[in-house]
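What follows is a short report on a single structure.
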Amino acid sequence: MPLLTRVFIKTGMLCLALALTLGVLLALGITNGLFPAYIHLLVFGWLTQLIFGVIYWMFPKYSTEKPRGSEALGWWTYALLNIGLFMRAVAEPIQATRPNSFSAWALVVSAVLQFLSGALFTVNSWQRVREK
Amino acid sequence: MPRLSVWLVRASFIHLMLGLLCGALILAEKGVPFYAPVWHLFPLHMEFLLIGWLIQLAMGVAFWIVPRFSRGASRGPETLVWLSWALLNAGILSAAFQFWFPVMLVVGRILEVVACILFIVGSWRRIKPHGI
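If you read the protein sequences in the order shown, they are chains S and U.
Residue 29 in our numbering sits at position 29 of the first sequence, with consecutive numbering throughout.
Heads up, our numbering is the position in the second sequence plus 1000, with the first residue counted as 1.
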């Protein structure tokens, strides 16, 4: 299993644990704008990140020289996904309870980063999805 | 990877991009309001990402990797699964028009259910022990 896949999966596992912890807080009635962070840590931080890692590892090879496409694009995907998600998880509850210009613009930056991570993943994986 | 899996997986990548775009616009609107009707994209955000990305990707990978038959059509009744792919994507696109035509949500959901049933029927016998 390549290093990038291991990092994707282990970070995904941390997101899963964090999301389920937020789930406990939500069940205790501590909401404070945490619900969107809970859902996105589960679906984007865990499920999608796990899928990104496994696709990078197991999908058909891009070429003999570069079997997994661009490793750099893979790392950029990882970085943008997690920085964007972390910014969101911090800024969104703040914006919901004590809105300020920092949390507001952090959400905008987070939105851009998360979209770009998906775009880079798609660009890097598209050519690996092909007939044998 | 068989041709049908290529179509399912690439379509799932396109839905990933559409879903992330809708989500990014909504998240940015939460931070720095710029166009309130962006919130109407919320149902599409969920439709594109849950059905179009996660479920369709799972279908594509399942069609590729679950056990094949040693005799006859190796991946079973492929036509059913092609039809499933077409109806699933038609269903998602129909649901995307729900803002203008609310009935299209029901039409889309019915198409998605039929697509799901066709996929199950087309794949059922492939969930089997090795060597059959």
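Built from N, CA and C at the ideal position, the CB exists for glycine as well.
Note that the coordinates shown come from a computational prediction; the quantities given were computed from them, not determined experimentally.
- Val-1121 (chain U) and Met-1104 (chain U) have their C-alpha atoms spaced approximately 26 angstroms apart.
- Contacts with chain U at 7 angstroms (Cβ-Cβ) include Lys-132 (chain S).
- Leu-22 (chain S) is outside the set of residues whose beta carbon lies under 7 angstroms from a beta carbon in chain U.
- In the displayed model, Glu-1078 (chain U) falls within a helix according to three-state DSSP.
- In the structure shown, Ile-30 (chain S) adopts coil according to DSSP, grouped into three states.
- Within the same chain, no Cβ atom closer than 8 angstroms to the Cβ of Arg-98 (chain S) is found once the five residues on either side in sequence are excluded.
- Counting along the chain, Ala-104 (chain S) sits inside the alpha helix (DSSP H) bounded by residues 101-126.
- Cβ contact annotation for Leu-80 (chain S) (same chain, cutoff 8 angstroms, sequence separation greater than five): Leu-113, Gln-114, Leu-116, Ser-117 and Leu-120, in chain order.
- Note on Gln-49 (chain S): 16 or more other CB atoms within 10 angstroms of its CB, so buried under the neighbour-count rule.
- Per DSSP, Pro-1043 (chain U) is one residue of the alpha helix (DSSP H) stretching across 1042-1046.
- Interface flag for Phe-1013 (chain U) against chain S is set, since a Cβ pair is found closer than 7 angstroms.
- Contact of Val-1066 (chain U) with chain S is not assigned, every C-beta pair being separated by 7 angstroms or more.
- Inter-segment contact for the region 1106-1121 of chain U and the region 1078-1085 of chain U is present: three or more beta-carbon pairs are separated by less than 8 angstroms.
- Taking 8 angstroms as the cut-off between beta carbons, the residues of the region 79-98 of chain S near chain U are Arg-88, Ala-91, Glu-92 and Gln-95, in sequence order.
- In the structure shown, Lys-1128 (chain U) falls within a coil segment according to DSSP collapsed to helix, strand and coil.
- Val-1009 (chain U) has a beta carbon lying within less than 7 angstroms of a beta carbon in chain S.
- Thr-64 (chain S) counts as exposed, since fewer than 16 other beta carbons sit within 10 angstroms of its beta carbon.
- Cβ proximity to chain U below 7 angstroms picks out Leu-47, Ile-51 and Pro-60 from the region 45-63 of chain S.
- Collapsing the DSSP output to three states places Val-1061 (chain U) in a helix.
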